[in-house]
Amino acid sequence: MGVTGMNHAVLYVRDARRTADFYRETLDFRVIIEDPGGRYSFLRAPDSGNHHDLGLFTIGSGAGDSQAGQRTVGLYHIAWEVRTLAELAAAQERLAAAGALVGASDHGASKSLYAKDPDGLEFEVMWLVPSEHWGAEEHEAIIRPLDLAAERRRYAEQAEGAAE
Numbered sequence: 001m002g003v004t005g006m007n008h009a010v011l012y013v014r015d016a017r018r019t020a021d022f023y024r025e026t027l028d029f030r031v032i033i034e035d036p037g038g039r040y041s042f043l044r045a046p047d048s049g050n051h052h053d054l055g056l057f058t059i060g061s062g063a064g065d066s067q068a069g070q071r072t073v074g075l076y077h078i079a080w081e082v083r084t085l086a087e088l089a090a091a092q093e094r095l096a097a098a099g100a101l102v103g104a105s106d107h108g109a110s111k112s113l114y115a116k117d118p119d120g121l122e123f124e125v126m127w128l129v130p131s132e133h134w135g136a137e138e139h140e141a142i143i144r145p146l147d148l149a150a151e152r153r154r155y156a157e158q159a160e161g162a163a164e
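Listed below in C-alpha cells is the structure:
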C-alpha cells in the first residue's frame, strides 16, 4: 500500500464562514470554494500543493461542544506544519493576538503550538526538527515547555525543518 501522508481534514463547525475567517486571519489559509449560503468552505494552506487542506461544514449555532477525549472517542487535534521556526514564531504571535493560543510544547523532534478555533476544536502548528538532530528523541514521547527564542538560536543555521 502506498499511503504518502494525510491530504486534508474535514470538520463540522457551528459556522463555516466564521471558522474560515479565523483560519484566514491566523494562518493565512485561502478560501478555495465557499457555499454562498454558508453551508461549507474549503480552504488551502498558504504553501500547500493540495486542492484543499481543510473542509468546513456548518451544522448550526445550537451544536454542542465536542466531547472527544472527555466523554466520547474522537479526534484530538490536527497538526499544521510550518517550514521554519520564524514561521512558527509568527503563528504564535497571530494565534495569541486572536486569543486562540492555549499551549506550547517541545516534543524533541518537533516544536509545537496548540490553539483552539472558534468552536473550541484544538489544533497544532508545528515545526519538524531536521531528522539528523532527532537522535534518541525519535523514539521518545517528550513533552517539555517550549522556549521558542532558544530554539530559534539553537537552529539558526537550519533555514528549514525536516519536511522540506
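End of the sequence shown = 164 in full-length UniProt numbering, gap-free, step of one.
Quick reminder that beta carbons are idealized off the backbone N, C-alpha and C, glycines included.
For clarity, every value in this text was computed on a predicted model and none was experimentally measured.
Only counting the same chain, and skipping five residues up and downstream in sequence, which positions put a Cβ closer than 7 angstroms to that of residue 7?
50
DSSP bridge partner residues for residue 134 (one or two, in chain order)
Answer is none; residue 134 lacks a bridge partner.
Extent of the continuous alpha helix (DSSP H) to which residue 26 belongs:
16-27
Cβ distance (whole Å) where residue 127 is taken to contact residue 111 below 8 angstroms
Distance from residue 127 to residue 111 at the Cβ level is roughly 5 angstroms; contact confirmed, criterion being Cβ atoms closer than 8 angstroms.
Sequence-distant residues of its chain with Cβ nearer than 8 angstroms to residue 29 (five each side left out):
20, 23, 43, 44, 45, 46, 53, 54
Report the rounded CA-to-CA distance for residue 13 versus residue 40, giving the unit in angstroms.
9 angstroms
When the distance is taken between beta carbons, is residue 16 closer than 8 angstroms to residue 72?
no
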